[in-house]
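Colleague: Chains as they are written, first to last, in the numbering used here: chain G, 20 to 324; chain A, 227 to 448. Take a look at this one; I'll ask things after.
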Amino acid sequence: MDKIRQDMLVKIAELHEIPSGAYNIRADGETYSRNSTENIEIITKKDKQGIDIIIKPGTKNESVHIPVIIGQSGLEEVVYNDFYVGKDANVVIIAGCGIHNCGGGNSRHDGVHRFFIDEGAKVKYVEKHYGEGDGRGKRIMNPQTIVELGKKSEIEMEMVQIEGVDSTDRVTRAELSEGAKLVITERLLTHENQYARTDIDVKLNGRDSSANIISRSVAKGSSEQLFISKIEGNNKCKGHSECDAIIMDNAVVKALPEVDANSVDAELVHEAAIGKIAGEQIIKLMTLGLTEEEAEKEIVNGFLR
Amino acid sequence: MLELKNLSYTINEGENEKKILDNISLTIGDNEFVAITGPNGSGKSTLAKIIAGIINPTEGNIFFEGSDITKASITDRAKMGISYAFQQPVHFKGIKVRELISLAAGTKLKVAQLREYLSRVGLDVNQYMNRQVDSTLSGGELKRIELATIFARNGKILLFDEPEAGIDLWSFQSLIQTFEKLKEKENCCVIIISHQEKIINAADRVILLSEGRIDKPYVMER
Ligand SMILES: Nc1ncnc2c1ncn2[C@@H]1O[C@H](COP(=O)(O)OP(=O)(O)OP(=O)(O)O)[C@@H](O)[C@H]1O
Ligand SMILES: [Mg+2]
């Protein structure tokens, strides 16, 4: 693997070397290397591109890395990854996609991730998206994440788009059973002429299920963002979604929040705030000796952390 | 060290002009501890912002160590050693206490150094260094962190705008001692805007601002 690809692995999955535990590294449309463990099995799908990740019930403190990198200009792929997380398992899943495009063709990765999480299982899912390269070709990522949460199971999803992705359509669907818990933290940065759409739809079906969606984004240059979130409360449940965006230069940000209460015991809250960096924040950092540009950078970096 | 010469600040309110500061002249020397007091709305914070470069005066000049800095930017003044603790501290979503104080110090601080600055304002380093400087902090905590950023700057002019606001009585006493110690440093002066008798009494000199003017030398009533 060359330097460009190695560096991308560091950016998206903090992988400096081959990870311990289970992993599947996909590079330029093929499996580059893979490891299954006693408790976590990774199998190639027969009918389409992608893998099944099967995590045995009761698996504790193990991790799965499934980074994807594309360094070849013009490569377009749709990949299906299904996660089966057994009862009472507790695992960390690190996904992520990096595209380096220095050619004229568009490079695109559409990852469809489905999670079937059994009763009592806990998952932490981290996904980082990153693009680079000076080619005319676009860097495109359209992730779809579909989650089914069993009784009293939990998933915490950290979904980050660092920079350099020209176009993205991020679809997330989740259905929660009794006592299940979902936390989604999104961090998104768009610049130049980039476009990002986030579309989250959560159904709180089970009694005492809860969802917390926190999105923070920064739109620079002439980029455009659309944030759609819908929480449906179909039982006694708690739902909260919060979209907080910093808008700069000539960017455009739209937020369309929706909360649907179909039960008298559903408690649903939505907050959305879009605005430029507060002038007093820049001034305060300037009184600490930073230039205006440095101040702006610190504020944006902090906000997206 | 700092000289203000005939400073005025006028704003336009519709048709009318409003004079917020009116012909202020003032000299503050090395190792001085000066208190500025006066009624609400008398122009104290405006004067502080003019010294820090946040507001440009409509008339007059500011000299720092002999050179005219009236046109210098906020950043340049900060680099020269002018530091200003805001009356109302600013929130930063996502920036941690340790990061903000490091930005103030101009270098990534070690825990031992953070402990030093935070203990001066009565905060425990372990409890606070990884907190975010956002609305989850109480008013008093935020104010203390604001003061800590100034201590970390290690500047020549330390300008505090109502540092006592929101700070409990017990901590307040040790804060006054901190201020008294600060001015003993070579090449340093402390200017504190305050309504608090104790701070006013601790100062070497008191300046009374009313309706944007320094009328006459203030005589402390003891
Ligand atoms: N941008 C502005 N527009 C209108 N009036 C202003 C503006 N900025 C300041 N003022 C007015 O200038 C006066 C001085 O304000 P300043 O904040 O300096 O007062 P202060 O002495 O610090 O008061 P306090 O003790 O309440 O902090 C006030 O009457 C205030 O309303
Ligand atoms: Mg004031």
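Cβ coordinates follow ideal geometry from the N, Cα and C atoms, glycine included. All values derive from a computational prediction rather than experimental measurement.
Leaving aside the five residues before and after G/D129 along the sequence, list all residues of the same chain whose C-beta is less than 6 Å from its C-beta, in chain order.
Modeller: As a working mapping, residue 129 of chain G is identified with position 110 in the first sequence. Excluding positions up to five away in sequence, the list reads V97 and N161.
Colleague: Using only the alpha-carbon positions, how far apart do G/H148 and G/I181 sit?
Modeller: Position 129 of the first sequence holds residue 148 of chain G. Position 162 of the first sequence holds residue 181 of chain G. The straight-line gap from Cα to Cα measures roughly 6 Å.
Colleague: So G/L207 is in the beta strand (DSSP E); what residue range does that whole segment cover?
Modeller: By one-based count along the first sequence, residue 207 of chain G stands at place 188. Residues K200 to T209.
Colleague: Is there contact here, the segment 112-124 of chain G with the segment 78-98 of chain G, by at least three beta-carbon pairs under 8 Å?
Modeller: Contact between the segment 112-124 of chain G and the segment 78-98 of chain G is present, because at least three Cβ pairs lie under 8 Å.
Colleague: For the putative contact between G/V237 and G/A230, defined by C-beta atoms under 8 Å, what is the C-beta separation to the nearest angstrom?
Modeller: The residue you call residue 237 of chain G lines up with position 218 of the first sequence. The residue you call residue 230 of chain G lines up with position 211 of the first sequence. Between G/A230 and G/V237 the Cβ distance is about 24 Å, and since that is not below 8 Å, they are no contact.
Colleague: What residue from G/L245, G/K249, G/Q244 and G/I233 has the CA that sits closest to G/L223's CA?
Modeller: The count along the first sequence starts at 1 and reaches residue 223 of chain G at position 204. The shortest Cα separation from G/L223 among G/L245, G/K249, G/Q244 and G/I233 belongs to G/K249.
Colleague: G/E182 touches chain A at which residues, Cβ-Cβ below 9 Å?
Modeller: Within the first sequence, residue 182 of chain G is the residue found at index 163, counting from 1. Those within 9 Å of G/E182 in chain A number zero; the least Cβ separation is about 17 Å.
Colleague: Please name the residues in the segment 340-368 of chain A whose beta-carbon is closer than 7 Å to at least one beta-carbon of chain G, in chain order.
Modeller: If the cut-off is 7 Å between Cβ atoms, the segment 340-368 of chain A has nothing near chain G.
Colleague: For the segment 308-320 of chain G, enumerate the residues whose C-beta is nearer than 7 Å to any C-beta of chain A, in chain order.
Modeller: For the segment 308-320 of chain G, which is checked against every Cβ of chain A, the residues closer than 7 Å are G308, L309, T310, E317 and I318.
Colleague: Distance cutoff 9 Å, beta carbons only. Does A/I300 sit that close to anything in chain G?
Modeller: Residue 300 of chain A sits at position 74 when you count from the first residue of the second sequence. Chain G contact via Cβ: present.
Colleague: Would G/I293 count as contacting chain A if we go by Cβ distances under 9 Å?
Modeller: For this step, residue 293 of chain G is matched to residue 274 along the first sequence. Output row for G/I293: interface = no.
Colleague: Distance cutoff 9 Å, beta carbons only. Does G/I302 sit that close to anything in chain A?
Modeller: Reading the first sequence from its first residue, position 283 is the one you call residue 302 of chain G. It does; some Cβ of chain A falls within 9 Å.
Colleague: If you reduce the DSSP assignment to three classes, tell me which class G/F134 lands in.
Modeller: Position 115 of the first sequence, counting from 1, holds the residue named residue 134 of chain G. In the structure shown, G/F134 sits in a strand (DSSP, three-state: E or B).
Colleague: For the segment 302-310 of chain G against the segment 255-262 of chain A, do three or more pairs of beta-carbon atoms, one drawn from each stretch, fall closer than 8 Å, so that the two count as touching?
Modeller: No: fewer than three Cβ pairs fall under 8 Å.
Colleague: Does DSSP put G/E312 in a helix, in a strand, or in coil?
Modeller: Taking the first residue of the first sequence as position 1, residue 312 of chain G is located at position 293. Looking at G/E312 - three-state DSSP - the assignment turns out to be helix.
Colleague: At 7 Å on the CB atoms, spell out the chain G contacts of A/F312, in chain order.
Modeller: Here residue 312 of chain A refers to the residue found at position 86 of the second sequence. By Cβ distance, chain G contributes K303.
Colleague: Could you please go through the chain and list the residues whose beta-carbon is closer than 7 Å to any non-hydrogen atom of ligand 2?
Modeller: In chain order, the qualifying residues are A/K270, A/S271, A/Q313, A/D387, A/E388 and A/I419.
Colleague: Is G/A297 close to chain A? Criterion is C-beta to C-beta, closer than 9 Å.
Modeller: Working through the first sequence from its first residue, we reach residue 297 of chain G at position 278. Taking Cβ atoms only, chain A reaches closer than 9 Å to G/A297, which makes this a yes.
Colleague: Going along the chain, which residues of its own chain have a beta-carbon closer than 7 Å to the beta-carbon of A/G269, five neighbours each way excluded?
Modeller: By one-based count along the second sequence, residue 269 of chain A stands at place 43. Here the set comprises I246, L247, L435 and G438.
Colleague: If G/G105 and G/T63 are in contact, beta carbons under 8 Å, what's the gap, nearest whole angstrom?
Modeller: As a position in the first sequence, residue 105 of chain G is number 86, starting the count at 1. As a position in the first sequence, residue 63 of chain G is number 44, starting the count at 1. Contact flag wrong, Cβ pair sits at about 20 Å.
Colleague: Determine whether the beta carbon atoms of A/G348 and A/S400 lie at a separation below 9 Å.
Modeller: Numbered from its first residue, the second sequence carries residue 348 of chain A at position 122. Numbered from its first residue, the second sequence carries residue 400 of chain A at position 174. In this structure, A/S400 lies closer than 9 Å to A/G348 by Cβ.
Colleague: According to the Cβ coordinates, are A/N380 and A/A311 closer than 9 Å?
Modeller: Residue numbering aside, residue 380 of chain A sits at position 154 when the second sequence is read from its first letter. Residue numbering aside, residue 311 of chain A sits at position 85 when the second sequence is read from its first letter. Result no, Cβ atoms of A/N380 and A/A311 do not sit closer than 9 Å.
Colleague: What does A/I280 touch in chain G if you count any residue whose Cβ is under 9 Å from its own?
Modeller: As a first step, residue 280 of chain A must be located in the second sequence, where it is residue number 54. In chain order: I302, M305 and T306.
Colleague: Report whether the distance from the Cβ of A/I426 to the nearest heavy atom of ligand 1 is below 8 Å.
Modeller: To locate residue 426 of chain A, count along the second sequence from 1; it is residue 200. No; taking the cut-off as 8 Å, the Cβ of A/I426 has no heavy atom of ligand 1 nearer than that.
Colleague: I think G/E315 touches G/I293, with their Cβ atoms under 8 Å apart; what is that distance to the nearest whole Å?
Modeller: Residue 315 of chain G sits at position 296 when you count from the first residue of the first sequence. Residue 293 of chain G sits at position 274 when you count from the first residue of the first sequence. At roughly 17 Å, the Cβ-Cβ gap does not stay under 8 Å, so G/E315 and G/I293 are not in contact.
Colleague: Please confirm whether G/S126 and G/G156 have their CB atoms less than 9 Å apart.
Modeller: In the first sequence, counting from the first residue as 1, residue 126 of chain G sits at position 107. In the first sequence, counting from the first residue as 1, residue 156 of chain G sits at position 137. Cβ atoms of G/S126 and G/G156: closer than 9 Å.
Colleague: With the cut-off set at 9 Å, would you say G/L168 and G/A199 are in Cβ contact?
Modeller: Within the first sequence, residue 168 of chain G is the residue found at index 149, counting from 1. Within the first sequence, residue 199 of chain G is the residue found at index 180, counting from 1. Yes; because the gap between Cβ atoms is below 9 Å, this pair is in contact.
Colleague: Is A/E285 near A/N242, with beta carbons less than 9 Å apart?
Modeller: By 1-based counting over the second sequence, the position of residue 285 of chain A is 59. By 1-based counting over the second sequence, the position of residue 242 of chain A is 16. No, the Cβ-Cβ distance between A/E285 and A/N242 is not below 9 Å.
Colleague: According to the neighbour-count rule (16 or more other Cβ atoms, all chains shown, within 10 Å of its Cβ), is A/Q353 buried or exposed?
Modeller: Taking the second sequence and counting its residues from 1, one reaches residue 353 of chain A at position 127. It counts as exposed.
Colleague: CB of A/S268 to nearest heavy atom of ligand 1: below 8 Å?
Modeller: Against the second sequence, residue 268 of chain A aligns to sequence position 42. Checking the Cβ of A/S268 against ligand 1 gives yes.
Colleague: Could you check what DSSP says for G/K106 in three-state terms: helix, strand or coil?
Modeller: Counted from its first residue, the first sequence places residue 106 of chain G at position 87. The answer is coil: DSSP assigns G/K106 none of H, G, I, E or B.
Colleague: List the residues that DSSP assigns as beta-bridge partners of A/F386.
Modeller: Position 160 of the second sequence, counting from 1, holds the residue named residue 386 of chain A. A/F386 is bridged to A/A311 and A/I418.
Colleague: If we cut at 9 Å on Cβ distances, does A/R370 have a partner in chain G?
Modeller: As a first step, residue 370 of chain A must be located in the second sequence, where it is residue number 144. So, not an interface residue.
Colleague: Taking a Cβ distance cut-off of 9 Å, strictly less, list which residues of the segment 398-421 of chain A are near chain G, in chain order.
Modeller: Result list empty, no residue passes.
Colleague: Checking contacts by CB at 9 Å: is A/R324 closer than that to chain G?
Modeller: In the second sequence, counting from the first residue as 1, residue 324 of chain A sits at position 98. No, A/R324 does not count as interfacial toward chain G.
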